[in-house]
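Data first, discussion second: the structure below is written as structure tokens.
Number of protein chains: 6
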Amino acid sequence: MMKRIITFGEIMMRLSPPTNERFGQARHLEVVYGGSEANVSLALAQWGWPCAHVSALPDHAFGQAVGQYLRQHGVDTQYLCYTNGRLGLYFLEKGAALRGSQVIYDRYHSALAQIEKYSFDWENILHQAQWFHWTGITPALSENCAYELRRAMAIAQKLGVPVSGDVYFRSGLWQYGASPQEVLPELIALSQVVVCDEKAMQAYFGLAPEVCRASFAEAAQNLMAQFPSLQKVLDTQRVSLSATCNRISARMWNGNTYLETLPLEINPIIDRVGAGDAFMAGFLHATLSGQSDAEALHFGICASAWKHTIPGDMLLASVEEIKSLQAGDTSGTLKR
Amino acid sequence: MMKRIITFGEIMMRLSPPTNERFGQARHLEVVYGGSEANVSLALAQWGWPCAHVSALPDHAFGQAVGQYLRQHGVDTQYLCYTNGRLGLYFLEKGAALRGSQVIYDRYHSALAQIEKYSFDWENILHQAQWFHWTGITPALSENCAYELRRAMAIAQKLGVPVSGDVYFRSGLWQYGASPQEVLPELIALSQVVVCDEKAMQAYFGLAPEVCRASFAEAAQNLMAQFPSLQKVLDTQRVSLSATCNRISARMWNGNTYLETLPLEINPIIDRVGAGDAFMAGFLHATLSGQSDAEALHFGICASAWKHTIPGDMLLASVEEIKSLQAGDTSGTLKR
Amino acid sequence: MMKRIITFGEIMMRLSPPTNERFGQARHLEVVYGGSEANVSLALAQWGWPCAHVSALPDHAFGQAVGQYLRQHGVDTQYLCYTNGRLGLYFLEKGAALRGSQVIYDRYHSALAQIEKYSFDWENILHQAQWFHWTGITPALSENCAYELRRAMAIAQKLGVPVSGDVYFRSGLWQYGASPQEVLPELIALSQVVVCDEKAMQAYFGLAPEVCRASFAEAAQNLMAQFPSLQKVLDTQRVSLSATCNRISARMWNGNTYLETLPLEINPIIDRVGAGDAFMAGFLHATLSGQSDAEALHFGICASAWKHTIPGDMLLASVEEIKSLQAGDTSGTLKR
Amino acid sequence: MMKRIITFGEIMMRLSPPTNERFGQARHLEVVYGGSEANVSLALAQWGWPCAHVSALPDHAFGQAVGQYLRQHGVDTQYLCYTNGRLGLYFLEKGAALRGSQVIYDRYHSALAQIEKYSFDWENILHQAQWFHWTGITPALSENCAYELRRAMAIAQKLGVPVSGDVYFRSGLWQYGASPQEVLPELIALSQVVVCDEKAMQAYFGLAPEVCRASFAEAAQNLMAQFPSLQKVLDTQRVSLSATCNRISARMWNGNTYLETLPLEINPIIDRVGAGDAFMAGFLHATLSGQSDAEALHFGICASAWKHTIPGDMLLASVEEIKSLQAGDTSGTLKR
Amino acid sequence: MMKRIITFGEIMMRLSPPTNERFGQARHLEVVYGGSEANVSLALAQWGWPCAHVSALPDHAFGQAVGQYLRQHGVDTQYLCYTNGRLGLYFLEKGAALRGSQVIYDRYHSALAQIEKYSFDWENILHQAQWFHWTGITPALSENCAYELRRAMAIAQKLGVPVSGDVYFRSGLWQYGASPQEVLPELIALSQVVVCDEKAMQAYFGLAPEVCRASFAEAAQNLMAQFPSLQKVLDTQRVSLSATCNRISARMWNGNTYLETLPLEINPIIDRVGAGDAFMAGFLHATLSGQSDAEALHFGICASAWKHTIPGDMLLASVEEIKSLQAGDTSGTLKR
Amino acid sequence: MMKRIITFGEIMMRLSPPTNERFGQARHLEVVYGGSEANVSLALAQWGWPCAHVSALPDHAFGQAVGQYLRQHGVDTQYLCYTNGRLGLYFLEKGAALRGSQVIYDRYHSALAQIEKYSFDWENILHQAQWFHWTGITPALSENCAYELRRAMAIAQKLGVPVSGDVYFRSGLWQYGASPQEVLPELIALSQVVVCDEKAMQAYFGLAPEVCRASFAEAAQNLMAQFPSLQKVLDTQRVSLSATCNRISARMWNGNTYLETLPLEINPIIDRVGAGDAFMAGFLHATLSGQSDAEALHFGICASAWKHTIPGDMLLASVEEIKSLQAGDTSGTLKR
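Residue numbers (the numbering used here), protein chains in the order written: chain U, 1 to 336; chain A, 1 to 336; chain R, 1 to 336; chain V, 1 to 336; chain Z, 1 to 336; chain P, 1 to 336.
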């Protein structure tokens with residue numbers, strides 16, 4: 001039996017006006033579910049990897065719907081913990097042209113944020129795991145979330161399970177007292193792969209602006225020096241030409257080589273939420289399949305580009321479809 | 001200038017699957033706004049009464065949409081207080097036949113629940129008022145809500161503004177520490193009109209079950225004995241033949257006479273949320289128009305019946321339409 | 001080649017909120033097309049009768065859509081006259097339970113109302129006709145409409161084409177100066193079959209209330225005495241139990257016999273607009289097929305009942321479906 | 001580990017106009033998936049029973065969506081066989097009042113109908129099974145389907161797995177050459193529980209009409225005499241008052257006692273497709289939970305009644321919800 | 001109390017197919033309300049300016065919905081006059097790529113077109129006004145509309161209320177007998193700010209083509225020479241690259257300086273109706289806020305560009321959003 | 001009376017998710033009908049040409065809806081043959097940006113594929129015809145379809161009716177045994193106009209790759225040499241920049257001259273299905289109107305470009321609209 005990939009994080013209900021209406025015009029809101037870490041499991045499970053997602057959810061119809069959604073796409077839900085908190089929400093307004101999309105979060109006091117310490121049996125969960133993935137959102141939710149994440153990662157280290165983390169700079173979280181500067185370094189220190197932009201490097205890990213300005217490779221190398229467990233530092237870049245036309249690319253430092261993909265233009269963007277998670281999933285798929293860093297980076301950015309064309313948080317794509325993009329077919333030709 | 005009617009209470013976003021889907025099947029949720037007290041103002045403002053609603057709302061697009069919704073229907077929104085809390089939500093699943101509708105509340109930590117004491121300038125708000133209306137939901141939200149409501153009612157008393165309250169039995173609220181038994185009696189003591197079922201009479205005001213069983217008139221008289229300011233005790237009754245067919249009637253004790261309406265059958269029910277508020281609005285409209293208690297009770301129950309045929313929380317009806325129902329035309333004839 | 005059935009009258013765009021929303025709540029309006037006389041042709045053409053509808057329409061995309069709609073269901077559109085007027089509209093609000101549906105008409109200055117005299121070549125149109133059908137709406141639209149209708153009927157008489165008319169009492173039309181009392185008698189005098197309720201008999205043709213009260217047969221016989229060309233007087237009756245539950249029946253006096261159908265209950269009503277036209281179409285189908293008056297009356301009321309279950313103005317039904325209703329199967333059993 | 005319940009049969013895409021439109025009016029068709037046997041697994045899996053469904057599906061996006069749908073609701077899909085055939089379809093037109101619903105099947109040449117013999121490894125599938133359920137649809141699809149079903153049942157017998165079958169009379173299948181009279185007796189002979197109406201008893205198993213007329217118990221006893229393995233004969237009855245109002249009840253002969261439930265009226269019906277499967281699932285749940293035949297029959301008919309209120313083929317209900325119906329609460333009261 | 005901005009003009013119901021369907025394909029039409037002058041008030045009221053709109057509307061549910069819509073967004077509706085005319089309509093077909101959008105007007109005989117002279121108490125309306133805005137549409141509707149507009153402007157002049165007018169060239173109006181050449185000059189003579197393209201300058205005010213060709217500044221200066229009250233002549237320009245991609249800019253002559261903005265490209269356009277009104281509202285907002293002509297022109301064109309991204313006639317935007325565009329952020333970046 | 005244009009081929013139901021959802025996400029599917037040959041008739045009938053389409057359809061509600069759809073747009077349906085087969089289906093997933101659209105066909109065993117030989121009375125059908133059009137799809141459906149097509153073309157030749165065929169390369173058909181190489185040459189040999197790409201020239205008619213590479217003119221000339229009846233060889237070319245932005249052009253060899261249009265860019269594409277049929281219809285319209293080859297080619301490609309902006313299979317456009325595109329107006333300007 002193949003070993004499992006474990007992801008840990010909150011899943012929210014996303015509510016968005018179906019067209020380009022502003023929030024205040026909406027009479028109907030489309031419902032999908034998503035969370036950065038779960039999105040990674042969903043994409044990987046679709047490609048045949050055994051994945052389990054760990055989270056807490058309210059024990060009501062919508063909390064159960066989240067579990068059904070994960071199962072629908074093949075993610076193991078046995079570690080979901082049903083409790084009495086609420087389901088985190090976010091509202092998404094779709095922009096167009098020169099008007100950007102907007103998000104209103106309503107996620108405080110969620111079931112996951114309110115978990116008790118030792119809610120999850122990490123020894124058991126990580127026992128048969130081949131990978132563990134986390135993001136900077138989880139430790140920002142509550143002290144107990146940070147505690148459980150740290151505990152999970154320590155156990156992963158003990159069991160030899162490699163760990164990836166996504167720590168993009170995000171303001172607006174960290175409301176419970178702790179600061180990212182206190183919490184994140186300890187987590188990075190337990191990770192092998194990290195996705196991190198320069199803003200986060202400066203804000204969270206104290207890299208000097210001039211180091212970041214010098215080159216991504218140098219900045220990443222500095223980060224690695226600070227956190228010796230780190231083997232790969234990844235980053236995706238986005239040039240926003242308009243709300244509906246972006247150019248994305250990815251880059252990477254693996255301690256030896258600087259790698260960078262060509263940019264891919266997506267026009268029009270159908271839904272960019274989850275594009276970073278699609279990158280992560282793509283990179284992990286290719287890496288776990290034994291491909292080179294360059295191939296994995298390329299597969300990841302193609303997965304991310306494809307995600308922009310799919311409504312909802314989840315990357316829906318076959319490996320073949322991403323490969324065809326990777327092979328250079330961006331023509332969008334009709335397939336009969 | 002006519003004096004204003006003041007209502008005070010939370011307004012929530014209501015999210016419901018558009019058809020008879022169960023919660024877990026929903027891909028779209030219909031959005032309307034509503035709150036028991038605001039529903040009363042909305043109905044009365046539509047009939048030409050100057051109304052102002054007092055509440056707190058989050059300062060984001062949906063909070064502003066609530067204000068716009070009140071203004072759309074003519075309710076004065078100058079006392080809405082925009083703060084940093086969240087917008088209370090509730091999810092409504094529409095039943096059918098022998099399957100009842102269901103509500104999931106997600107209202108904790110709302111902007112109103114989190115208001116500071118002395119957030120509202122009640123002296124000013126109630127200065128030109130002819131009526132003040134509250135419900136048992138508001139004091140159940142937080143200590144400060146209970147405090148502000150009590151303060152408002154004391155000022156109303158001082159200014160000679162009559163007060164009505166709606167204190168139906170509702171479990172599931174009162175999470176902040178206080179109990180309804182501690183808080184509600186003081187509020188009833190400051191009210192002239194109260195809508196109250198026997199369950200609430202027993203649970204909140206200690207009436208003996210045998211008194212309630214004896215007759216509504218006797219129970220109401222007991223309540224009045226306990227709270228001398230009370231002049232009218234109202235109650236609506238609902239016989240649920242199925243989720244889509246109900247029979248409703250209203251009854252009243254005014255200290256002298258027991259009044260009771262004939263039942264009205266509504267089949268099919270389009271949306272029963274807000275039917276109690278429509279009753280209250282109808283009763284207040286007729287009472288403030290100088291009609292007798294019997295006429296007001298009848299107008300109230302007709303308004304409530306009509307509400308069952310309207311999607312959303314708000315009673316949309318002209319006075320003429322309710323009067324035609326009151327005159328006995330329940331035939332639903334096409335009007336060209 | 002079978003001879004044609006000719007109908008003459010306005011076709012309007014109908015705009016209605018898709019669910020039970022009140023007009024003011026509507027964000028979308030459903031579009032269908034319909035007109036009393038065209039509805040008769042549409043139903044008959046569906047059953048294989050060659051039908052042509054005569055009307056005038058604006059020469060824009062929606063006017064053309066009306067023609068396409070007629071052609072779609074097999075009605076000959078060669079006599080539609082495209083001019084510069086507007087397309088008549090009406091708005092339909094769907095009631096429920098004790099709240100009736102409502103119609104707002106916006107039909108003045110329509111293309112048909114503004115036709116010139118001698119716009120239609122009736123000699124040619126009626127040359128190969130086996131039946132001509134009109135309603136009391138057409139002469140109410142404008143002087144020229146009344147003129148053209150009278151002219152058509154005189155030519156029908158000359159050519160020996162039998163004529164049916166539907167002259168239910170309808171207030172709110174007749175805005176151009178003439179009164180129904182001036183215009184309708186001359187039209188009835190040229191008809192062989194008329195659908196007419198007692199209200200119209202009194203208001204338009206001066207029947208004494210006591211005659212109408214005595215019996216339908218007596219009233220109809222009086223009408224026949226006044227208009228010797230008349231051979232059959234028909235009437236449908238509707239008991240409105242609620243906006244969504246009606247009982248309908250039909251009755252008839254043919255100069256010899258009084259015939260009356262058993263009532264059919266429709267619950268729930270999906271769309272009752274066009275139910276009278278469906279009755280007319282059903283009666284004509286059965287009559288032209290050589291069935292007895294009793295059979296035709298029964299087929300007509302079954303067609304009308306079936307129409308209540310179909311969204312839109314048009315009766316969509318096979319002859320077999322109506323016959324199965326006529327045979328007593330009102331059970332609504334699933335057909336696999 | 002609990003032993004599994006195994007179901008075997010075709011799953012189709014169901015396409016239906018969203019409202020009461022006739023087929024020809026539809027511009028959109030709602031998509032759900034369903035199949036009589038899979039519906040049983042879906043309901044049971046939702047209640048916590050380990051279920052696996054066996055079928056063949058086309059290897060394209062919609063075939064995969066069927067698998068996702070089963071997994072979403074907890075049904076084990078490891079025995080689904082993806083092949084090159086097509087996905088069976090059926091179109092459903094929703095009737096109303098006196099107009100019945102209609103189904104158009106388009107299921108020939110489906111992936112399941114085209115399976116090869118020995119496509120399924122029944123020894124393995126049934127190894128850990130506690131129940132096997134089939135219906136009369138599967139052997140009607142193709143010779144190989146009948147062959148595989150017979151093979152499965154023989155193995156079930158060998159392994160001591162009890163078997164239930166649903167053999168209602170259905171015309172319009174059996175197009176491949178064999179007749180139900182040839183095939184079904186052998187299958188019944190391998191079953192312990194059968195759902196069977198009198199029409200099927202006469203048509204398929206040669207029971208004399210007078211025996212059926214005498215009483216259900218006598219007819220069932222005759223069937224049991226013919227097929228000694230049979231222990232329980234079940235039947236549901238439906239009185240169709242209209243397309244939207246039915247009364248259902250269930251009855252049973254267990255060799256000793258005749259049991260019959262009181263009728264339940266469902267008004268309005270939201271969706272009656274799958275109501276028989278819900279009955280079966282309810283009966284099996286209660287039986288496997290160790291309840292008496294009378295309790296199981298009652299639980300089954302309540303599950304069936306509840307299904308009528310849910311859009312789609314699947315019974316969505318908690319055990320508690322069905323129990324509350326069983327306890328007599330058919331009032332459809334709002335649950336807050 | 002801040003003085004009010006007064007706008008005067010017709011408000012229509014706009015009906016448009018929801019997607020890119022052609023008119024004839026539409027089964028549903030989206031309903032919004034809009035009118036050039038009201039759109040200006042709606043945008044300004046949203047930014048906190050006290051605005052009142054003057055118009056006449058039919059006294060039915062849709063006429064009342066128009067009033068509710070204005071109130072929803074904070075426009076004072078006390079001067080709306082409810083009468084018996086009809087609600088003007090227009091149908092909008094949304095083009096795409098090389099297929100342009102299309103409008104079918106159905107606005108004749110509207111309530112406003114049919115007003116009596118002296119329907120509005122302009123002395124009272126303009127008493128506390130700080131601005132009056134009109135467009136060339138209103139005097140084109142009927143003689144009485146032109147009369148009332150002239151009367152309003154004369155009173156504005158008397159009261160010292162500055163006046164802006166929007167007189168773009170529009171064919172297809174002016175059906176009541178008068179010509180724009182007769183009516184508009186007198187109105188411009190009473191205005192201080194005018195939005196006017198070269199086509200209108202030539203067609204309505206007799207400017208020589210060669211003057212217009214020379215430069216906008218020269219043409220505007222000529223116009224000012226002709227109408228000495230004029231202080232600012234504005235114009236927006238649109239380069240239509242396709243139905244879904246336009247480039248817009250604005251220019252202005254204030255008697256001293258020629259000002260011109262850089263072009264803004266909008267791709268894709270969501271809804272361009274009301275873009276000119278958004279420009280006017282933006283320009284007035286900035287001007288009344290004390291900004292320079294250059295700043296006001298820039299704010300106006302940014303407001304207009306933003307409008308292209310919003311469904312419906314109304315500009316929904318905060319001042320901050322427009323300012324961010326003005327500051328050069330056209331990247332449409334996601335805002336969390 | 002003008003002579004008719006005859007088309008022959010299958011019409012399918014097309015089912016597609018309404019937005020950019022992937023197949024598996026769809027809960028609703030939009031329904032339109034279309035078929036390559038019928039699309040040509042539909043476009044031409046809209047422009048006033050008498051057209052009749054020949055096909056076979058299932059005798060159920062959806063089969064009848066196809067006939068109604070043809071009649072709606074003026075196509076003569078008297079030669080449609082209603083039989084017992086099924087309605088061919090195809091599913092269309094709309095791509096965006098770099099994700100192409102996808103089609104899943106489900107057309108086997110359709111009514112047309114299952115027709116008997118001599119099902120159509122071609123002598124009668126082609127008697128008054130001025131043109132016959134076929135495509136390479138029809139002979140690929142079944143042996144009898146190929147037989148009937150060959151028979152029709154032989155009779156056309158006998159009656160002097162010119163013939164056009166569209167034989168683009170399409171894999172995935174030809175499942176019944178015959179190969180295109182066996183069947184198509186005989187059909188081309190009976191045609192005067194053919195639309196054919198180089199892939200088909202090589203695959204079906206054995207042209208050497210180097211001839212095709214040399215020039216289209218040379219390849220076409222080779223084809224003409226092989227099939228002497230051929231007078232014009234047409235081809236459209238598509239550059240797919242993305243799923244939503246294409247550039248199309250057309251070219252032609254008429255035995256004397258090589259003609260080629262400038263490319264037209266369509267961005268965004270609303271629906272490209274039927275664009276080739278729109279080209280064919282446009283070319284035939286112009287040719288039959290007596291225009292030159294160059295004009296006809298230009299009109300054809302403009303019709304094809306316009307089609308890309310219309311949802312559904314059918315080109316909805318007036319001749320004037322196409323002409324305005326032909327005249328160079330690709331600006332998509334709003335038409336009031």
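No residue lacks a Cβ here, since even glycine has one placed at the ideal position from N, Cα and C.
Please list the partners that residue i has in chain V, where partner means a Cβ-to-Cβ separation under 8 angstroms.
i: lysine 335(R); result: Gly100, Ser101, Gln102 and Val103
Under a three-way DSSP split, which group does residue i fall into?
i: arginine 151(V); result: helix
i: glycine 63(V); result: helix
i: tyrosine 105(P); result: strand
i: asparagine 267(A); result: coil
i: cysteine 145(A); result: helix
Note down, in chain order, every chain A residue with its Cβ under 9 angstroms from the Cβ of residue i.
i: tyrosine 108(U); result: Arg86 and His109
Assuming residue i and residue j form a contact by the criterion Cβ under 8 angstroms, report the distance between their Cβ atoms to the nearest whole angstrom.
i: tyrosine 176(Z); j: alanine 200(Z); result: Not really, about 19 angstroms apart at Cβ, beyond 8 angstroms.
Mind listing the chain V neighbours of residue i? Cutoff is C-beta to C-beta under 7 angstroms, in chain order.
i: isoleucine 310(R); result: Arg22
> Three or more C-beta pairs closer than 8 angstroms, one from the segment 69–88 of chain R and one from the segment 34–42 of chain R: is that the case here?
Replying inline: yes
> Of the residues that make up the segment 56–85 of chain V, which ones have a beta carbon closer than 8 angstroms to any beta carbon in chain U?
Replying inline: Gln68, Tyr69, Arg71, Gln72, His73 and Gly74
>> Using a Cβ distance threshold of 8 angstroms, determine whether the segment 272–284 of chain Z contacts the segment 113–130 of chain U, with at least three qualifying pairs required.
In response: no
>> Check whether the segment 82–93 of chain Z and the segment 5–25 of chain P touch, using three or more Cβ-Cβ pairs below 8 angstroms as the test.
In response: no
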